[in-house]
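>
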Amino acid sequence: METIDYTALIKLGYRQHTAKNIIRQAKCWLVENGYEFYLNKRCGVVPTYAVEKIIGIKIEGGSCNG
Numbered sequence: 001m002e003t004i005d006y007t008a009l010i011k012l013g014y015r016q017h018t019a020k021n022i023i024r025q026a027k028c029w030l031v032e033n034g035y036e037f038y039l040n041k042r043c044g045v046v047p048t049y050a051v052e053k054i055i056g057i058k059i060e061g062g063s064c065n066g
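Quick note: the sequence shown uses the UniProt record's numbering, first residue 1, plus one each step.
See the structure below:
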């Protein structure tokens with residue numbers, strides 16, 4: 001499973017606050033779909049497919065975390 005964090009979103013051109021907000025929204029979406037692990041405040045890495053669902057575009061490339 002490929003993962004992504006907010007620093008990878010910054011490298012894609014998003015501002016820091018926007019990138020963190022996207023990760024936060026992805027975590028909420030994952031919790032709503034039964035992945036209670038993402039209720040953890042310290043978890044800053046989410047599956048790439050969750051971010052793709054939020055932003056509406058496919059993220060190309062390998063593992064994007066950091």
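Where a beta carbon is used, it is the ideal one built from N, C-alpha and C, also for glycine.
1. Measure the alpha-carbon distance for glycine 34 versus asparagine 40 and round it to whole angstroms.
2. What residue range is occupied by the uninterrupted alpha helix (DSSP H) comprising cysteine 32?
3. In angstroms with no decimal places, state the Cα-to-Cα distance between residue 67 and glycine 61.
4. So, is isoleucine 57 buried or exposed, given that buried needs 16 or more other C-beta atoms within 10 angstroms?
5. With respect to the alpha helix (DSSP H) encompassing leucine 9, which residues constitute its N-terminal and C-terminal limits?
Short version:
1. 14 Å
2. At residue 32 the sequence reads glutamate, which differs from the cysteine that was named. Per DSSP, glutamate 32 belongs to the alpha helix (DSSP H) from 16 to 32.
3. Because the chain here runs from 1 to 66, residue 67 falls outside it and cannot be looked at.
4. exposed
5. 6 to 11
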